[in-house]
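*Asks:* Structure in structure tokens, see below.
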């Protein structure tokens, strides 16, 4: 085959600066970000939002390939990364069936990752074991984006949560954020709390006794000077709340079913709840929901959980562009 | 990130009229179409056929994203929509594993659809429950295309069946269409019959006694003035048949195995059947087949079932382009 | 719809010669290739390597669609073909769930293939039954590429193995190739041996007694005049070896666990093994590995197994371009 050298020009990357503070970097944990980093990411995400609103899709990552490596199923997250890559003009290798594939023949995560980076330019990894994203990143030359590793981290969820607050309310400093539900096991509220620690906000925790926010996290935010309060019902803090972040209270967490029955009603958001909330308040949920928010609330303009999904698209577009040096 | 405004021009949609009678509409049921609608759809499908014959693929839907949401597996239908979108230059989010994903965590269909429309421009939905496509369409702002909802509807199958007849025989009026096999439970023959009711055709039904066409459907066609006959064997009507539409007779439908054994041979198409059929007759089957048509028939030019698959591609390309305002 | 005829020009294939000796051909077996064919394929693969190094992705197959039909899971091979098609600007219909789809409703392989070729331009097939690729090729008008059919053939693996040797060591003639491990059941070593028979190489076989290279293959190479030796341990042949091709010795192959325990250590490559090997020696493995090569070896520049994966990308890009007439 004669080398079609004229092609060498057709794909010269658009504005190929290959720079930016996250070029070639891994996205592993919310702890890696400074406040300045967050502002940078959100600036890019906002540009993505504008571009999508105007033209839907554009070829910023044309010719780039994402390996979407999901060791456990997550339609929502994998679809979001897939759409993000496609809206940037890139391609995706979707791997959702690790169960049945070479990995179950006993191959190590690092071998799988080192193989996939032969084919792809960036790897998004979802894995059930805490710390697996860091292990993968250590083995790989190409950037790894952690899309959730067990009870460990899910940094892109936390980034999209914070971006949602910023887009919905204009800024983050000065707000009162109330977290509701299972604050003990909820990975999303832990990560969000860590990011909020970089801002000047008040944080309220509302949960059943047995599902309280872990003390070490509360201590971490206290050290940063954030006012925090803890409650078992929403009533007292609802009127002052700017952002209500709802998570699911799973029946299985309770040993005592009577206790579960007695508390569960307090953690369901209804039209009645909305009446007592601020007019410009924002209701969030990482989804999927299973009863925590009544569907009657969906049409309230303050219900932001579906917009939250959309903000996730922009944040993931931003991260992909950034680690590939195109933002 | 500085907004790369020069990109704003590169993706201005080709011939972006964003009009057409199906722009932004859902495709839920064959009942929604007038004869005029059908002619419009078939005109677009024919243009698609010409384009594919000449250039294979083209960028009419470049930048558009289809969420291909399959709650039950159907390689044939999902591949057909996927190929349709790719031949139009668009991208696809394939979701084939709903079993293992957030949906099985208990998320409602409407929440799933409202999430996916944050990422995609159009949603193709296959779901085991009758009426689910309408529920999804009600929740979604983006167009929903029903790719089969239980024993309910599978409108794109019926459209491709009718398009096949039109392309193979030039027109539909004046033909004699014979439906063979399981006419009681066969979703495809019900939908096809409803569409044929808009034309001037004669319809013959050939089935075992216990698998006759439902009386309400026969009544519906009678009201429209279509001549219809019912038979238990093909012999009498084969000579006059222009289109023979074969469906599978499933053993499981019979309580009495002797009855099954006594009839099953009558519903298998062989080279012998073809000898007694018209020279320009068309043999159709929705596929997959499991013995209803002998493979020896495949090379007969009147065997249209593989071409039928191909016509399905053009019809689905047409529908995608139409609901996205590009046809 | 008015036919957007200006589009007819936008997709005129780049350098659309539609020629080349493999245009429209199936890739079914290593036995179909002459030495001259191999040189031709490797020349194209090398051009692909250069293109990927310079620009990552290019639009040689823009508008072409690959159906990636996997009846059994193989993340590695399916991802490799998917990436190959995407790096050439083409699209993919990924079918990884044949278990749950129309095929399990009893559809024949030939019907599935004849359906898919209505949507796609080329089909890559992985199937558990020996000979299935030939059956598919016989039914299909479009090119079939065999991605492994049972214990039969896996020609693209053998091609990438040989391409790896050529790229790593410059040429193949004159080398000493040692195959280690399960030589009785290992499909990859059988196919590689058949290709090596076209060159002037020495081949050493190292395996447990019960897993020796099949006599008919040894005879085949002897007929071509290749010197061959057989051993149960690596020690004697390691110093002269240019290429060491390691495969897994599966515990399950042994009836006698004592025998397994006594041999298994001899078939594990460690840093110690590397010390006794030539300075420009090449260590290969088809992957996945499960203990046969110690991870401590990975950073040795002579460990070529991850580069081997990358060469597979170029070989598969070459084959796709060739059968579609674009190389």
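Residue numbers (our numbering), protein chains in the order written: chain U, 1 to 327; chain R, 328 to 654; chain H, 655 to 981.
C-beta atoms are modelled at their ideal positions from N, C-alpha and C, and glycine is treated no differently.
To the nearest angstrom, how far is the alpha carbon of residue 440(R) from that of residue 774(H)?
*Replies:* Roughly 28 Å between the two C-alpha positions.
*Asks:* Label residue 533(R) either buried or exposed according to how many other C-beta atoms from any shown protein chain fall within 10 Å of its C-beta, with 16 as the threshold for buried.
*Replies:* buried
*Asks:* I'd like the span of the beta strand (DSSP E) that includes residue 397(R), first residue to last.
*Replies:* For residue 397(R), the enclosing beta strand (DSSP E) begins and ends at 392-397.
*Asks:* Using the Cβ count rule (16 or more neighbours within 10 Å means buried), how would you classify residue 933(H)?
*Replies:* exposed
*Asks:* Run through chain H and tell me which residues come within less than 7 Å of residue 407(R), C-beta to C-beta.
*Replies:* Those are 773, listed as they occur along chain H.
*Asks:* Spell out whether any CB of chain R is found under 9 Å from the CB atom of residue 1(U).
*Replies:* Per-residue confidence for residue 1(U) stands at a pLDDT of 34, beneath the threshold of 50, marking its modelled position as unreliable; no derived number is given.
*Asks:* Tell me, to the nearest whole angstrom, how far the beta carbon of residue 502(R) is from that of residue 520(R); I am working on the premise that it is less than 8 Å.
*Replies:* With a Cβ gap of about 14 Å, residue 502(R) and residue 520(R) do not count as contacting.
*Asks:* Report the start-end ranges of each alpha helix (DSSP H) in the region 505-534 of chain R that is 4 residues or longer and not cut off at the edges.
*Replies:* 514-523
*Asks:* Do the region 819-837 of chain H and the region 794-803 of chain H touch if we need at least three Cβ pairs shorter than 8 Å?
*Replies:* no
*Asks:* Which residues in chain R have a C-beta closer than 8 Å to the C-beta of residue 206(U)? List them in chain order.
*Replies:* Simply none; closest approach about 23 Å.
*Asks:* Among 928(H), 914(H), 901(H), 909(H), which has the Cα closest to the Cα of residue 939(H)?
*Replies:* 901(H)
*Asks:* Is residue 336(R) helix, strand or coil when you go by DSSP?
*Replies:* For residue 336(R), the predicted structure reports a pLDDT of 34, less than 50, and the residue's modelled location is therefore unreliable. The matter cannot be settled from this model.
*Asks:* Check whether the Cβ of residue 835(H) lies closer than 9 Å to any Cβ atom in chain U.
*Replies:* no
*Asks:* When DSSP labels each residue in this structure, what does residue 733(H) get in the three-state scheme?
*Replies:* helix
*Asks:* Terminal residues of the continuous alpha helix (DSSP H) containing residue 876(H)?
*Replies:* 869-877
*Asks:* What would DSSP say about residue 91(U), mapped onto helix, strand or coil?
*Replies:* strand
*Asks:* Quick check: the Cα distance between residue 224(U) and residue 35(U), rounded to an integer number of angstroms?
*Replies:* 13 Å
*Asks:* Tell me the DSSP secondary structure of residue 450(R) in three-state form.
*Replies:* strand
*Asks:* Considering only the beta carbon of each residue, do residue 282(U) and residue 164(U) sit closer than 9 Å?
*Replies:* yes
*Asks:* Indicate whether residue 434(R) and residue 287(U) have their beta-carbon atoms separated by less than 9 Å.
*Replies:* Yes. Within cutoff.
*Asks:* In chain R, what lies closer than 8 Å to residue 765(H) by C-beta?
*Replies:* Within 8 Å Cβ-Cβ: 614, 615, 616.
*Asks:* Between residue 967(H) and chain U, is any beta-carbon pair separated by less than 9 Å?
*Replies:* Cβ-Cβ to chain U under 9 Å: yes for residue 967(H).
*Asks:* Please classify residue 256(U) as buried or exposed, where buried requires at least 16 neighbouring CB atoms within 10 angstroms.
*Replies:* exposed
*Asks:* Can you tell me where the beta strand (DSSP E) holding residue 231(U) begins and where it ends?
*Replies:* 228-231
*Asks:* Does residue 438(R) come out as helix, strand or coil in the three-state DSSP assignment?
*Replies:* helix
*Asks:* Note down, in chain order, each residue of its chain lying with its Cβ closer than 8 Å to the Cβ of residue 728(H), except the 5 sequence neighbours on either side.
*Replies:* 780, 801, 802
*Asks:* Run through chain U and tell me which residues come within less than 7 Å of residue 933(H), C-beta to C-beta.
*Replies:* Within 7 Å of the CB of residue 933(H), no CB atom of chain U is found; the nearest one sits about 24 Å away.
*Asks:* Measuring only between beta-carbons, confirm whether residue 94(U) sits less than 9 Å from chain H.
*Replies:* yes
*Asks:* Under 9 Å, Cβ to Cβ, is there at least one residue of chain U near residue 595(R)?
*Replies:* no
*Asks:* Cβ of residue 91(U) less than 9 Å from any chain H Cβ?
*Replies:* yes
*Asks:* Quick one: is residue 709(H) near chain U, going by C-beta distance under 9 Å?
*Replies:* yes
*Asks:* Under 8 Å Cβ-Cβ, which residues of chain U neighbour residue 443(R)?
*Replies:* 79
*Asks:* For a minimum of 3 consecutive residues, which ranges assigned as the beta strand (DSSP E) are wholly contained in the region 581-648 of chain R?
*Replies:* 609-611
*Asks:* Taking contact to mean at least 3 C-beta pairs separated by less than 8 Å, is the region 84-95 of chain U in contact with the region 314-325 of chain U?
*Replies:* yes
*Asks:* Residue 391(R) versus chain U: which residues are under 9 Å apart at the beta carbon?
*Replies:* 56, 57
*Asks:* Is the beta carbon of residue 553(R) sitting closer than 9 Å to the one on residue 580(R)?
*Replies:* Against a cut-off of 9 Å, the Cβ pair of residue 580(R) and residue 553(R) comes out as no contact.
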